[in-house]
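This report concerns only the one structure given below.
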Amino acid sequence: MSVASYRPRTEVGNETVAALIDSSDEWIRRRCGIESRRHAAPDESLVMMGAAAASKALANAGIDPLDVSAVLVATMSHRGRATTVAPLVADALGATAAAAMDLGAACAGFPYALATADALVRSGAAGYVVVVGAERMTDIIDDHDRGTAFLFGDGAGAVVVGPAQTCEIGPVVWGADGSHSEVLRYDETGILRMAGPEVFRWATSVVPDVAKRALDAAGMSASDLAAFIPHQANLRITSVAAKALDLGPHVQVATDIVTNGNTGAASIPQAMAALPDTSGPALLVGFGAGLSYAAQVVTLP
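Each residue of the sequence shown is one higher than the one before, counting from 896 in the numbering used here.
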């Protein structure tokens, strides 16, 4: 497995966002830990960003796009005229023989797609699978909404999954709770709305639980980990989960949200790519609208 990321050119600090929501840099940092995020320019489409990340991941793995069996794109922000992003990403990559589909599980989309890729390779249905998380969250948020405007950013991350001598993707533990779907939803105009306190309470409950179950499924304990890479939703959620797991000081905890914001389905692969020189087992946890969640232990490339 190889991993790569694409970050848009434009960095947006808290002062710019705060001016639109009658807030401050200090309030935003205290609320979620974010200092800045990236906003995509008009020429940085979902397809462009997803293909850029995937192309780098393929190059890192030394895999020819023509040898790719499938392209899976996890996204919740696609608003283009084409019904799905994945075929366009596959075309941009030159993966002309690949099956291609989008996977919609919101901010849990990347671990969902990774589990799907793992199953395809294990079953023999696919050789190499490109898994992409790509979001233009700025397309689906209201710049003046105090509940969401300061949280989200844009970008893409990708991994390549293929046959290996050793097992590098552990069993997935996943689920959903549709009874609470109203706390994170689209309104009638297609804009994302969130009941922040309710989402925070749900996430700080479900993330430690699903994380522990994923460790059990992989036959590991928290002390075996080299890294903990949760969906980058809120630095406070990450801190609560890390404390509940009793992670030792040797475990790298991903905090990409500080300078990248919440990039939805792109956040986990982007955070993976940002970890400095870390190898070994990493615990991935995704969670978000639906409400959906998923976790698995992987070996970092």
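Using N, Cα and C, we set each Cβ at its ideal position, and we do this for glycine too.
Mind checking Y1007: buried by the 16 CB within 10 Å criterion, or exposed?
By the neighbour-count rule (16 or more Cβ atoms within 10 Å), Y1007 is buried.
Look at A1003 and G1183 and say whether their C-beta atoms are less than 8 Å apart.
The answer is yes: Cβ separation under 8 Å.
Taking the alpha-carbon positions, what's the D1111 to E930 distance?
Between D1111 and E930, the C-alpha separation is close to 35 Å.
Determine whether the beta carbon atoms of M996 and G1159 lie at a separation below 8 Å.
For M996 and G1159, no; Cβs fall outside 8 Å.
Does the beta-carbon of Q1060 have 16 or more other beta-carbons within 10 angstroms, so that it is buried, or is it exposed?
So Q1060 ends up on the exposed side.
Within 8 Å, do at least three Cβ pairs link the region 1149-1168 to the region 927-945?
They touch, by the three-pair rule.
Taking 8 Å as the threshold (C-beta atoms), are L1178 and L1120 in contact?
Yes.
By the three-class DSSP mapping on this structure, what secondary structure does S897 have?
It is a strand residue.
What is the rounded straight-line gap between the Cα of R1108 and the Cα of V1024?
Cα-Cα distance, rounded: 26 Å.
Taking the alpha helix (DSSP H) that A947 belongs to, which residues open and close that run?
Run containing A947: 941-956, per the alpha helix (DSSP H) assignment.
Does the region 1092-1101 come into contact with the region 1142-1149, if we say contact requires no fewer than three beta-carbon pairs (one atom in each stretch) closer than 8 Å?
No, the region 1092-1101 is not in contact with the region 1142-1149.
Check each candidate in D959, F1095, V980 and name the one with the smallest Cα separation from A1051.
For the residues D959, F1095, V980, the minimum Cα distance to A1051 belongs to V980.
For the alpha helix (DSSP H) holding P982, just list the boundary residues, first then last.
Per DSSP, P982 belongs to the alpha helix (DSSP H) from 981-988.
Between A1010 and the rest of its own chain, which residues show a CB-CB distance below 6 Å, the 5 nearest in sequence each way excluded?
Here the set comprises V1067.
Quick one: give me the first and last residue of the alpha helix (DSSP H) that L1140 is part of.
First-last of the alpha helix (DSSP H) with L1140: 1130-1140.
Quick one: grab the DSSP three-state call for D959.
Residue state, collapsed to three classes: coil.
At what residue ranges does the region 1023-1048 contain a whole run of the beta strand (DSSP E), taking only runs of 3 or more?
For the region 1023-1048, whole beta strand (DSSP E) runs of length 3 or above, ordered along the chain, are 1023-1031.
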